[in-house]
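Residues in the sequence shown are numbered consecutively from 650, following our numbering. By construction, the Cβ of each residue, glycine as well, lies at the ideal position given by its N, Cα and C atoms.
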Amino acid sequence: MCDHSPECPSAGDTDCCTAHVTADHSEQGWCRLCNGVILFDDGAYLTPEGRPMELRRSA
650 MCDHSPECPS AGDTDCCTAH VTADHSEQGW CRLCNGVILF DDGAYLTPEG RPMELRRSA
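In structure tokens:
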């Protein structure tokens, strides 16, 4: 459960990668977000269930 105010988006939301960082490993190219998402520097991410996803980029 998120303690941030306003609450972070859930891992299933389209803006899930805007959640707060809870573990920063930028030296390795990734961070863990409050909602359990693992976000990589190249724009890819893993959901808490382990499903690989890619950030949608605007044209």
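| Asked | Found |
| --- | --- |
| Leaving out five residues before and five after Ala718 in sequence, what residues of the same chain have Cβ atoms less than 7 Å from its Cβ? | The structure shown has nothing for residue 718, since the chain only spans 650 to 708. |
| Nearest to Val677 by CA position, among Asp652, Asp662, Glu698 and Asp690, is which residue? | Here residue 677 is Gln; the residue named in the question, Val, does not match the sequence. The option with the nearest alpha carbon to Gln677 is Asp690. |
| Can you list, in chain order, the residues of its chain whose CB lies under 7 Å from that of Cys665, leaving out five sequence neighbours each side? | Pro658, Ser659, Asn684 and Val686 |
| Between Ala693, Leu704 and His653, which has its C-alpha nearest Val670's C-alpha? | His653 |
| According to DSSP, which residues form a beta bridge with Arg681? | Ala672 and Ile687 |
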